[in-house]
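Below you'll find the structure, written out as structure tokens, and then a few comments.
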Amino acid sequence: MSVALENARLFDETNRLLKETEQRTAELAVINRVQEGLAKELEMQGVYELVGEKIREIFNAQVIDIVTYNKSNDVIEDRYTYEKGDRTLLGPRPLTGFRKYVIDSAKPLLINKDLDQQRPTYNQKVIVGQGAKSLVMVPMIASGDVTGAISLQNLDQENAFSDSDVNLLTTLANSMSVALENARLFDETTRLLKETEQRTAELAVINSVQEGLARELDMHGIYDLVGDRVQKL
Numbered sequence: 045m046s047v048a049l050e051n052a053r054l055f056d057e058t059n060r061l062l063k064e065t066e067q068r069t070a071e072l073a074v075i076n077r078v079q080e081g082l083a084k085e086l087e088m089q090g091v092y093e094l095v096g097e098k099i100r101e102i103f104n105a106q107v108i109d110i111v112t113y114n115k116s117n118d119v120i121e122d123r124y125t126y127e128k129g130d131r132t133l134l135g136p137r138p139l140t141g142f143r144k145y146v147i148d149s150a151k152p153l154l155i156n157k158d159l160d161q162q163r164p165t166y167n168q169k170v171i172v173g174q175g176a177k178s179l180v181m182v183p184m185i186a187s188g189d190v191t192g193a194i195s196l197q198n199l200d201q202e203n204a205f206s207d208s209d210v211n212l213l214t215t216l217a218n219s220m221s222v223a224l225e226n227a228r229l230f231d232e233t234t235r236l237l238k239e240t241e242q243r244t245a246e247l248a249v250i251n252s253v254q255e256g257l258a259r260e261l262d263m264h265g266i267y268d269l270v271g272d273r274v275q276k277l
């Protein structure tokens, strides 16, 4: 009988390891797909949309939010939201509750049961209507600073999220933070390039006017020359 028990134990252990391997392979495939998409996306809102939609595909959640955090005035603002089909974005608002814990601590938060009873612990206001049964929230971190948070809620069931979900969501948040920084740098570079081009064009006009003035001694001719150049700006 001991041999049979050992065989059964080994069989269970093999199945467990196989499932873990399959799950990890699936997670890596998701991460790779997201990173491939992010590598092509240079517009910041496009980054939020890409990650938000991918999260909606793979996680068991009816409510998804991606918010950014402004440290200077301690407010958050929606960048992506989905709640049973509603995509309404909320504007700037004070940082409170669950998100305040995650952003201040720079740590994930997982609540899988008795969520309503835990609201007072985090100074989270009570929701009127249907509240969440399970919640997972992770920080977005760039260059050591918390720049926002991603939150998932399941409205129907407790124990909806696992530690693996937390790890996967954290990895996606990190990938998104890098992509957002790249998009920000791209926007800044584009802006500076446009400013440089405009300044170069202005200097060219100024030089052209000065060259013309150096040759023009007639006052009326000077007015005409300057007027022509100004119209070209």
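With our numbering as the guide, the letters of the sequence shown map in order to residues 45 to 277.
Just so it is clear, CB atoms sit at the ideal spot from N, CA and C, and this is done for glycine as well.
Problem set entry | N104, DSSP secondary structure in three states | To locate residue 104, count along the sequence shown from 1; it is residue 60. In the displayed model, N104 falls within coil according to three-state DSSP, outside both helix and strand.
For this session: Measure the C-alpha to C-alpha separation of Q89 and R123 and round it to an integer number of angstroms.
Result: Locating residue 89 in the sequence shown gives position 45, counting from the first residue. Locating residue 123 in the sequence shown gives position 79, counting from the first residue. Here the alpha carbons of R123 and Q89 stand approximately 7 angstroms from one another.
Exercise. What number of angstroms, rounded off, separates the C-alpha of Q161 from the C-alpha of N218?
Worked result: Sequence index remark: in the sequence shown, residue 161 carries index 117 (1-based). Sequence index remark: in the sequence shown, residue 218 carries index 174 (1-based). Going from the Cα of Q161 to the Cα of N218 covers about 30 angstroms.
Problem set entry | Whole-Å CB distance - F103 paired with N156, under 8 angstroms assumed | Locating residue 103 in the sequence shown gives position 59, where the first residue counts as 1. Locating residue 156 in the sequence shown gives position 112, where the first residue counts as 1. Going by Cβ atoms, the distance from F103 to N156 rounds to 14 angstroms, so no, they are not a contact pair.
For this session: Pick helix, strand or coil for S149, following the three-state DSSP scheme.
Result: Locating residue 149 in the sequence shown gives position 105, counting from the first residue. For S149, the three-state secondary structure derived from DSSP is helix.
Exercise. Rounded to a whole number of angstroms, what is the C-alpha to C-alpha distance between E127 and S187?
Worked result: Here residue 127 refers to the residue found at position 83 when the sequence shown is read from its first residue. Here residue 187 refers to the residue found at position 143 when the sequence shown is read from its first residue. Spanning the two alpha carbons is a distance of roughly 30 angstroms.
For this session: Measure how close the beta-carbons of Q168 and G129 come, nearest whole angstrom, since I'm counting them as under 8 angstroms.
Result: Within the sequence shown, the letter at position 124 stands for residue 168. Within the sequence shown, the letter at position 85 stands for residue 129. So it is not a contact: roughly 24 angstroms between Cβ atoms.
Exercise. Is T240 close to chain C, meaning its C-beta is less than 8 angstroms from at least one C-beta of that chain?
Worked result: This model lacks chain C altogether; it includes just one protein chain.
Exercise. Are the CB atoms of P138 and T214 nearer to each other than 8 angstroms?
Worked result: On the sequence shown, residue 138 is found 94 positions in, with the first residue counted as 1. On the sequence shown, residue 214 is found 170 positions in, with the first residue counted as 1. Not closer than 8 angstroms, so no.
Exercise. Distance, Cα to Cα, R228 vs V91?
Worked result: Residue numbering aside, residue 228 sits at position 184 when the sequence shown is read from its first letter. Residue numbering aside, residue 91 sits at position 47 when the sequence shown is read from its first letter. Roughly 11 angstroms separates the two Cα atoms.
For this session: Over the uninterrupted alpha helix (DSSP H) stretch that includes L4, give me the two end residues.
Result: Residue numbering for the chain in the displayed model covers 45 to 277; residue 4 lies beyond these limits and cannot be assessed.
Problem set entry | Pairwise C-alpha distance: N114 and P183 | As a first step, residue 183 must be located in the sequence shown, where it is residue number 139. As a first step, residue 114 must be located in the sequence shown, where it is residue number 70. Those two C-alpha atoms are separated by around 13 angstroms.
Problem set entry | Bridge-paired residues (DSSP) for T112 | Translated into the one-based positions of the sequence shown, residue 112 becomes position 68. The partner list for T112 (beta bridge, DSSP) reads E121, G192.
Exercise. By Cβ distance below 6 angstroms, which residues in the same chain neighbour V107 in space, the five residues on each side in sequence not counted?
Worked result: Indexing the sequence shown from 1 puts residue 107 at position 63. The beta carbon of V107 is closer than 6 angstroms to those of E127, Q197 in its chain, skipping five residues each way along the sequence.
Problem set entry | Close beta carbons around E93, own chain, < 7 angstroms, minus the five adjacent residues each side | On the sequence shown, residue 93 is found 49 positions in, with the first residue counted as 1. The residues are Y124.
Exercise. From A105 to A193, what distance separates their C-alpha atoms?
Worked result: Residue mapping note: residue 105 aligns to position 61 of the sequence shown, counting from 1. Residue mapping note: residue 193 aligns to position 149 of the sequence shown, counting from 1. Roughly 16 angstroms between the two C-alpha positions.
Exercise. What three-state label does DSSP hand S206 in the structure shown?
Worked result: Along the sequence shown, one-based indexing puts residue 206 at 162. Of the three classes helix, strand and coil, the one that applies to S206 here is coil, per DSSP.
Exercise. Are the Cβ atoms of S195 and D109 separated by less than 8 angstroms?
Worked result: For this step, residue 195 is matched to residue 151 along the sequence shown. For this step, residue 109 is matched to residue 65 along the sequence shown. Taking 8 angstroms as the Cβ cut-off, S195 and D109 qualify as a contacting pair.
Exercise. In angstroms, rounded to a whole number, what distance separates the CA positions of T234 and D118?
Worked result: For the purposes of this step, residue 234 is taken as the residue at position 190 of the sequence shown. For the purposes of this step, residue 118 is taken as the residue at position 74 of the sequence shown. T234 and D118: Cα-Cα distance of roughly 29 angstroms.
For this session: Report the option in G96, E241, A176, V210 whose CA atom is closest to the CA atom of L159.
Result: As a first step, residue 159 is located in the sequence shown; it is residue number 115 there, counting from the start. Among G96, E241, A176, V210, the Cα nearest to that of L159 is on A176.
Problem set entry | Start-to-end residues for the beta strand (DSSP E) that takes in A186 | Taking the first residue of the sequence shown as 1, we reach residue 186 at position 142. Counting along the chain, the unbroken beta strand (DSSP E) around A186 starts and ends at 178-186.
Problem set entry | C-alpha distance - E255 paired with Q242, whole-angstrom precision | For the purposes of this step, residue 255 is identified with residue 211 of the sequence shown, where counting begins at 1. For the purposes of this step, residue 242 is identified with residue 198 of the sequence shown, where counting begins at 1. Roughly 20 angstroms separates the two Cα atoms.
Exercise. Cα-Cα, which of A245, E101, G135, D209 is closest to S178?
Worked result: Numbered from 1 along the sequence shown, position 134 holds the residue referred to as residue 178. Check the Cα spacing between S178 and each of A245, E101, G135, D209: the tightest is with D209.
Exercise. With DSSP run on the structure shown, which of helix, strand or coil describes E225?
Worked result: The residue you call residue 225 lines up with position 181 of the sequence shown. Correct three-state label for E225: helix.
Exercise. For Q38, which three-state DSSP category applies?
Worked result: Shown here, the chain extends from 45 to 277; a query on residue 38 therefore has no answer.
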